[in-house]
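Residue numbers (this note's numbering), protein chains in the order written: chain G, 1 to 110; chain V, 1 to 115.
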């Protein structure tokens, strides 16, 4: 099976940088994905790392280290609208389905 | 708007009843996934269909079943409902299945309340 661990809550101020970590245990996986979910909304895809290293998409970047079973999502120039829950997810090679972490609730303060 | 539609948006029913949730994937997507999200919980994968056939199964109870029709829409049937089944049920879709389906598009969800 798989398990993913991420912090339950993170608080930061507008304009700051925040890093949300994710550690995982899985017998085999394709890569690490990140999803954002606003309260009452649907999850939306943010980024994917299939290989080790950093992927950048605008203010968001995501990193993966397969040897450390670790990844993170980096949010820069935080805005109030970034207040949401962020989920890391792995695609299991066996079940071929996404397994999500329990989510990190980010609160951006003025 | 992800292009994935789900109906109904809200559903209130009593214990022991049966309900059907409906999902239409994005145009061109062949894979449909169902997830359950309980209050303050993460997303639990239930089941996946690809082009009409069951592809992967997660933590889906025997009281729950799903199917994907020839027009690719999908239905999730929940029977003998219990209070603990109250949750948000999301449908998601992707073009492919397997390792390349890490990018999924989620519908707005159906909020089920069992009283």
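Even glycine gets a Cβ: it sits at the ideal position worked out from N, Cα and C.
#1: When DSSP builds the beta bridges, which residues end up paired with residue 10/V?
#2: Taking the beta strand (DSSP E) that residue 59/V falls in, what are its first and last residues?
#3: Terminal residues of the continuous beta strand (DSSP E) containing residue 4/G?
#4: Leaving out five residues before and five after residue 111/V in sequence, what residues of the same chain have Cβ atoms less than 6 angstroms from its Cβ?
#5: On a CA-only basis, which of 16/V, 104/V, 107/V, 74/V is nearest residue 83/V? Give me that one, please.
#6: Tell me residue 77/V's beta-bridge partners as DSSP assigns them.
#7: Quick test of the definition: if touching needs 3 or more C-beta pairs under 8 angstroms, does the region 78-97 of chain G touch the region 18-36 of chain G?
#8: Name the chain G residues that come within less than 8 angstroms of residue 64/V, Cβ to Cβ?
#9: From residue 54/V to residue 76/G, what distance separates their C-alpha atoms?
In short, the structure shows the following:
#1: 111/V
#2: Element bounds for residue 59/V: n/a, residue is neither H nor E.
#3: If you look at residue 4/G, you'll find it in the beta strand (DSSP E) that goes 3-5.
#4: 10, 88
#5: Of the residues 16/V, 104/V, 107/V, 74/V, the one whose Cα lies closest to the Cα of residue 83/V is 16/V.
#6: Here residue 77/V is bridged, per DSSP, to 20/V, 65/V.
#7: yes
#8: By Cβ distance, chain G contributes nothing, its closest Cβ being about 16 angstroms from residue 64/V, past 8 angstroms.
#9: 40 angstroms
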